[in-house]
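Protein chains: 2
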Amino acid sequence: MFDREEELDRYLDEIKDMLRRKQYAAVRDLLLPLEPPDIAMLLEEAGEEFMPLLYRLLPKELAAEVFVELESDSQEMLINGFSNTELKEVLDELYLDDAVDIVEEMPASVVIRILDKATPEMRKSINEMLQYPEDSAGSIMNVEYLSLKKDMTVADAFKRIRRIGGELETINILYVTDPTRHLQGVLSVRDLLLADEDDRIEEIMDPNVVSVTTLDDKEDVAQAMSKYDYLAMPVVDQENRLIGIVTVDDAMDVMEEETTEDFEKMAAMLPSDKPYLKTSIYSTWKARIPWLMVLMLSATFTGLILNHYESKLAACLVLNAYIPMLSGTGGNSGTQASVAVIRALSLDEVDFSDLLQVLWKELRVSFLCGVCLASANFVKMLLVDRMLLGNDAVTITVCTVVCLTILFVVIFAKCVGCALPLLAEKVGLDPAVMASPFISTIVDATSLLIYFALASAFIPALHTM
Amino acid sequence: MFDREEELDRYLDEIKDMLRRKQYAAVRDLLLPLEPPDIAMLLEEAGEEFMPLLYRLLPKELAAEVFVELESDSQEMLINGFSNTELKEVLDELYLDDAVDIVEEMPASVVIRILDKATPEMRKSINEMLQYPEDSAGSIMNVEYLSLKKDMTVADAFKRIRRIGGELETINILYVTDPTRHLQGVLSVRDLLLADEDDRIEEIMDPNVVSVTTLDDKEDVAQAMSKYDYLAMPVVDQENRLIGIVTVDDAMDVMEEETTEDFEKMAAMLPSDKPYLKTSIYSTWKARIPWLMVLMLSATFTGLILNHYESKLAACLVLNAYIPMLSGTGGNSGTQASVAVIRALSLDEVDFSDLLQVLWKELRVSFLCGVCLASANFVKMLLVDRMLLGNDAVTITVCTVVCLTILFVVIFAKCVGCALPLLAEKVGLDPAVMASPFISTIVDATSLLIYFALASAFIPALHTM
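Chain order of the listed sequences is A and B.
So for the first sequence, UniProt numbering puts the first residue at 1; every next one is plus one.
So for the second sequence, UniProt numbering puts the first residue at 1; every next one is plus one.
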């Protein structure tokens, strides 16, 4: 585990030095004790010049593990340099789900070459897996798992594990199926170890198996695995036949990806699937410009409102100075509520049926927040703006208008902020998109309307305009 | 797994009905096949009236598993109702790390009762675990693990697993230590199963063990486990002696918690540790008001700038209508960059040494975005604001001022947005706090300064004011 970038750099310098002096065995000895993700990081940092050479120094099995961890452009570069034999060697060592992940990222020419060199069974399985929708459990499952039969003894099970367990990603969790592959039970390797040799599987398995179907959303699967503390989750088809398993390491990757996506959506970006520094300028621009454009154009409404009240503003220009504060405070209040609800939604803590309870909660919280903010602002306007800065236009009436607006805007913003994500979820939209920028735009326009309505009511000079 | 709230409600109605008719055995049969987190959810929903009754229907071991999954206020309520024998029974069934979690959440009176009923060893261990800082690996590790010795045979190891494996949270990963508990190797239960009975552990273990220390940040530990696809991570003390293990289910919980915290910080809230609906109005208010107050008061600067340019604004009031659009677009641009960098930081994709690379990337992206937005806005202002809405004050000069401001503001916002989180990380502050609201405030003020500077330069009427 490289704690610091410097450590990696030091390693890398040493390795490049050795490579130049052709001390290949020494480099290999240096790499062997490292974990595959760390070796992959070294290869990435070593660059195109050294990567193929370093890669070829690794023993076959480790090479495949490292290959899986590389970025897809590095994988492509390596594949393009592989001989047919080398490509076949890598493919033979890969777990099927990893092979599918790689195929999905490669350009067509490389895919054709991969499929050509894969075994017929692998080609068939890859083709099947590619049919599952991108966000489904099917797309992340592993079809190589160990299944047992009810009437086996524990000793039979151990024999089976010894025979085929070496080829599989995990043997910690074992599933029991009938001859037509219907899921009948689950047990852990610990259950086997603690049982007697001649116990029957049926006696020690747990017949209550939580499973998901191939088309379930992979995020829900990851969440369920986290909730139930599962190391693996069985994936069944519509007829409850066992098709594959999702392992906990893949579930963790899904959680990380989905979190990144949620962050991106909340910040008004389209999701990207590459690391920040690996994304091209053009891709970054493409992910960011759509929402910026939409939100910029939708600010036209705010402009229209300001134009409409232009004469009132001109008559009482001091009001203008508080508009950024009002829209900022409204936006921040709304964002707080929406982000809290979006997160609760994605953790399954609330759903649409809780709308009234959520609204009632936010109503009370926003009243408390609004009163505090309004009072603080009243004092600040009188002490700082009027007395300290000597702005005589800041009268008690103006203070009252501004502070009442704060109160109403905070209440409005928090209620909209908590309700929109719930409504989005209900109608099948992504709640995360309902976050700050979208809500700020609504709140901006509304806060101006509230502001001018209160100003017209309270400030005599504006009555007749 | 309850897919829908309705399913849970239906279950609950049925159970309450049975309880009223005193069909306890039937209720028990209904609960037994469920997973502990689902039973916990049912108990929570059943409320204070039925919870203790339902809980007592569960067999001892399952009861303890369910207890761990309950919210802390339910745990407290149950403990207060427990007889001393019942309390002792639960404690005996708990894994130590779960017991510590519970103790941390309980009020002092309950803690004293728990410590009183725990076995002396458990009391000692709980006390030791409570010494670790809140966010450390030590605070989430489990001290009950299985260790082997180098010179054991595989058969010896199986004997050891059969003897004590039933008491442990996991036996999937086994650690090899010397007599002074120094970590020497790691192997999986699969390695054992695939080896020969008389192989020595030393021959099949992997001597390269990645470990963390008790004081490492728990978030880093979770990230490392995700990166290396580990099911368990060994935790060692300063002298490299094995102290405990962190299991993957705890790592997933940490990831979820930390994600929630990041979301909260980015939305200008203080982190809370309870689910949304379980947090009291007062706690929610307390988490939200500080940043709202700070950000509201810091908007004073924006107000001062507007006051300063009051006379220019009065002379060319059309400029005012575009201020919300400018600050919105700037804020959104900055947020995009800051959230992308914050996420890259927390995934270890970038660090402070990448500052120049990040700035150069954002400079180019922001230039592209700025040019697009400015052009689109130029066309929109001419076509919609001037021609369609007939606002003659929208001259070509005004359009130029507004659109040039957009370009500069977007570039400024994205550069500040990407740089601030990196700087924060460098000086040891939390980068997540540097997100949208903070950046919006800076960008708001700056965009006004840029706007008025350009307006003064381009619009002749404002030259001399």
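Glycine is no exception: its CB is placed at the ideal position from the N, C-alpha and C atoms.
message = Let me see if you follow: with CB-CB separation under 8 Å, is Met1 (chain B) close to chain A or not?
response = Summary for Met1 (chain B): the model assigns pLDDT 46, below 50, so the residue's position carries little reliability, and this model does not support an answer.
request  = Closer than 8 Å by C-beta to Leu57 (chain A): which residues in its own chain qualify, once you throw out the five before and the five after it? Chain order, please.
outcome  = If the five residues before and after Leu57 (chain A) are omitted, its C-beta is found closer than 8 Å to the C-beta atoms of Tyr24, Val27, Arg28 and Leu31, all from its own chain and listed in chain order.
query = Under a Cβ-count criterion, where at least 16 other Cβ atoms within 10 Å of its own Cβ denotes burial, should Ile396 (chain B) be classed as buried or exposed?
reply = Ile396 (chain B) should be labelled exposed.
message = Assuming the contact rule is C-beta atoms closer than 8 Å, Val154 (chain A) and Asp199 (chain A) should be a hit. Round their C-beta distance to whole Å, please.
response = Taking 8 Å as the upper bound for CB-CB distance, Val154 (chain A) and Asp199 (chain A) are in contact here, some 5 Å apart.
Exposure of Met325 (chain A), with buried meaning 16 or more beta-carbon neighbours within 10 Å = Classification for Met325 (chain A): buried.
query = Cα separation between Ile342 (chain A) and Arg364 (chain A)?
reply = Cα-Cα distance, rounded: 19 Å.
query = In chain A, which residues lie with their C-beta within 9 Å of the C-beta of Arg20 (chain B)?
reply = Listed along the chain, the chain A residues whose CB falls inside 9 Å of the CB of Arg20 (chain B) amount to none; the nearest CB is some 25 Å away.
request  = To the nearest angstrom, report how far apart Asn80 (chain B) and Leu87 (chain B) are at their CA atoms.
outcome  = Taken atom to atom, the span from the alpha-carbon of Asn80 (chain B) to that of Leu87 (chain B) is near 9 Å.
inquiry  = Residues of the region 349-372 of chain B in Cβ contact with chain A at a cutoff of 8 Å, in chain order, please.
reply    = Of all residues in the region 349-372 of chain B, only Glu349, Val350, Asp351, Ser353, Asp354, Gln357, Val358, Lys361, Arg364, Val365, Leu368, Cys369 and Cys372 place a beta-carbon less than 8 Å from a beta-carbon of chain A.
query = So which residues of chain B does Ser440 (chain A) contact, with C-beta pairs closer than 7 Å?
reply = The contacting residues are Gly328.
message = So that I know if they touch, is there some Cβ in chain B lying closer than 8 Å to that of Leu313 (chain A)?
response = Residue-level contact check: Leu313 (chain A) touches chain B, since one or more beta carbons of chain B fall below 8 Å from its beta carbon.
message = Output needed for Gly370 (chain B): all residues of its chain with C-beta closer than 7 Å, excluding positions within five of it in sequence on either side, in chain order.
response = The beta carbon of Gly370 (chain B) lies closer than 7 Å to those of Ile406, Leu407, Val410 and Ile411 in the same chain, with the five residues before and after it left out.
key: Listed by chain order, chain A residues near Gln336 (chain B) by CB distance under 7 Å   = Against chain A, the beta carbon of Gln336 (chain B) has neighbours under 7 Å at Ala267, Ala268, Met269 and Arg288, listed in chain order.
inquiry  = Cutting at 7 Å between CB atoms, please list the residues of its own chain near Ile164 (chain B), excluding the five before and the five after it.
reply    = So the list reads Leu146, once near-sequence residues are dropped.
inquiry  = Could you compute how far the alpha carbon of Phe2 (chain B) sits from the alpha carbon of Leu8 (chain B)?
reply    = At Phe2 (chain B) the pLDDT is 46, less than 50, meaning the model places this residue with poor confidence and gives no usable figure here.
query = Which of the three DSSP states, helix, strand or coil, is assigned to Phe2 (chain A)?
reply = The pLDDT assigned to Phe2 (chain A) is 46, lower than 50, so where the model puts this residue is not dependable, and the model offers no usable value.
message = Strictly below 7 Å CB to CB, what residues from chain B border Pro37 (chain A)?
response = Correct list: Lys227 and Tyr228.
inquiry  = Along the chain, where does the beta strand (DSSP E) containing Thr247 (chain B) start, and where does it finish?
reply    = Element bounds for Thr247 (chain B): Leu242 to Thr247.
Exposed unless 16 or more other CB atoms sit within 10 angstroms - verdict on Glu134 (chain A) = It counts as exposed.
ask   = Do three or more CB pairs link the region 176-187 of chain A to the region 267-274 of chain A at distances below 8 Å?
value = Result no; under three Cβ-Cβ pairs closer than 8 Å.
key: Whole runs of the beta strand (DSSP E) within the UniProt domain "CBS" (141-203) of chain B, excluding any shorter than 3 residues   = Fully enclosed beta strand (DSSP E) runs of 3 or longer: 173-177 and 183-188.
ask   = Pro234 (chain A) bridges to which residues according to DSSP?
value = Looking at the DSSP output, Pro234 (chain A) shares a beta bridge with A:Ile245.
task = Give a yes or no on whether the C-beta atoms belonging to Met296 (chain B) and Asn377 (chain A) are separated by under 8 Å.
result = Their beta carbons are under 8 Å apart, which means Met296 (chain B) touches Asn377 (chain A) by this criterion.
key: 7 Å Cβ shell around Glu362 (chain B) - same chain, five flanking residues per side excluded   = Excluding its 5 nearest sequence neighbours in each direction, Glu362 (chain B) has C-beta neighbours in its own chain below 7 Å: Ala337, Lys414, Cys415 and Cys418, listed in chain order.
key: Cross-chain neighbours of Met205 (chain A) in chain B, by beta carbon under 9 Å   = Residues of chain B passing the Cβ test: none, with the nearest at roughly 13 Å.
query = Got a sec, what are the start and stop residues for the alpha helix (DSSP H) Lys218 (chain A) sits in?
reply = Start and end: Lys218 to Tyr228.
task = Can you tell me which of B:Ala46, B:Leu96 and B:Val394 puts its alpha carbon nearest to the alpha carbon of Leu12 (chain B)?
result = Closest option to Leu12 (chain B), Cα to Cα, is B:Ala46.
inquiry  = For a contact defined as C-beta to C-beta under 8 Å, what are the partners of Val339 (chain B) on chain A?
reply    = Correct list: Phe263, Glu264, Met266, Ala267 and Met269.
ask   = Would the beta-carbon of Leu174 (chain B) fall within 8 Å of that of Arg162 (chain A)?
value = Not a contact, by the Cβ cut-off of 8 Å.
ask   = Tell me which same chain residues have a C-beta within less than 8 Å of the C-beta of Pro460 (chain A), skipping the five on either side of it?
value = Once the five neighbours on either side are set aside, Pro460 (chain A) has no close Cβ partner at all.
task = Report the option in A:Ala457, A:Ala432 and A:Gly328 whose CA atom is closest to the CA atom of Thr446 (chain A).
result = Considering only alpha carbons, the answer is A:Gly328.
ask   = So Met205 (chain A) is in the alpha helix (DSSP H); what residue range does that whole segment cover?
value = Where Met205 (chain A) is concerned, there is no enclosing alpha helix (DSSP H), given that its DSSP letter is neither H nor E.
ask   = Is the shortest distance between the beta-carbon of Glu197 (chain A) and the beta-carbons of chain B less than 8 Å?
value = By this cut-off, Glu197 (chain A) is not an interface position.
key: Counted within 10 angstroms of its Cβ, other Cβ atoms place Gly428 (chain B) as buried (16 or more) or exposed   = Gly428 (chain B) should be labelled exposed.
message = I need the straight-line Cα distance from Val235 (chain B) to Leu62 (chain B), nearest angstrom please.
response = So the two alpha carbons sit approximately 28 Å from each other.
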